[in-house]
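Residue 43 in the working numbering sits at position 35 of the sequence shown; the count goes up by one each step and never skips. Note that beta-carbon positions come from the ideal geometry of N, C-alpha and C, so glycine has one too. This report concerns only the one structure given below.
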Amino acid sequence: MRWEIRLSGTGGQGLVLAGVILASASSLAGKNVVQTQTYGPESRGGSSKSEVIIDEEEIDYPKVLLPNVLLVLSQSALDKYAKCIDNQGVIITDSSLNTSDFRNELTTLYKVPIIKTAKEVIGKSIVTNMVALGALIRATNIASKELLYKAMKSYVPVGTENLNKKAIDIGYELIDKN
């Protein structure tokens, strides 16, 4: 299956790194992957978007055209991208966002407390991206947790691996509670 994934929010939420880690985990599984990113001129607080294409087949175009997975962590990103998703796609949003204008009965919507969980349960907002990745892989089965852990260890600072693993695990569990 071809996955076209868009991770969107604001700068500082770690979504570019999340896209890189997801792409790496998929590559470790033997899939073909492309990862791209865009962000506003501000490094923190501006818009941020990371896109990942994962496919068993060769990827002939490196841009996401119509995502079948959308992860959104800011209202402005939701307003911009929620109507640009495959009809039978999956949308994962932070529970603080207003999704009433974007509900499509064919789309699967998960509203989970990603940001709150990172801040209040784990105690570090810097792992918001890992909580989000855990939720994403549970909702979609795009990658295994084991490969996500392995990929994550290549990109996070030494000494933070256990914290990031914990964030992935907690994010994974959020989907079951939804």
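CB of residue i within 7 angstroms of CB of residue j, strictly
{"i": "residue 122", "j": "residue 102", "result": "yes"}
{"i": "residue 146", "j": "residue 75", "result": "no"}
{"i": "residue 54", "j": "residue 17", "result": "no"}
{"i": "residue 135", "j": "residue 175", "result": "yes"}
{"i": "residue 132", "j": "residue 157", "result": "no"}
{"i": "residue 45", "j": "residue 72", "result": "no"}
{"i": "residue 89", "j": "residue 186", "result": "no"}
For residue i, three-class secondary structure by DSSP
{"i": "residue 68", "result": "coil"}
{"i": "residue 132", "result": "coil"}
{"i": "residue 170", "result": "helix"}
{"i": "residue 188", "result": "This structure cannot settle anything about residue 188, because the visible part of the chain is limited to 9 through 186."}
{"i": "residue 15", "result": "strand"}
8 angstroms Cβ shell around residue i - same chain, five flanking residues per side excluded
{"i": "residue 37", "result": "151, 152, 155"}
CB-CB length for residue i against residue j, believed under 8 angstroms
{"i": "residue 125", "j": "residue 77", "result": "Going by Cβ atoms, the distance from residue 125 to residue 77 rounds to 20 angstroms, so no, they are not a contact pair."}
heavy atom of the ligand COA below 6 angstroms from residue i C-beta
{"i": "residue 126", "result": "Looking for the ligand COA in the displayed structure turns up nothing, as the structure carries no ligands at all."}
Residues near residue i in its chain [Cβ-Cβ closer than 6 angstroms; skip 5 each side]
{"i": "residue 161", "result": "169"}
Alpha helix (DSSP H) runs wholly inside the segment 79–166, at least 4 long, in chain order: 83–89, 136–148, 153–161
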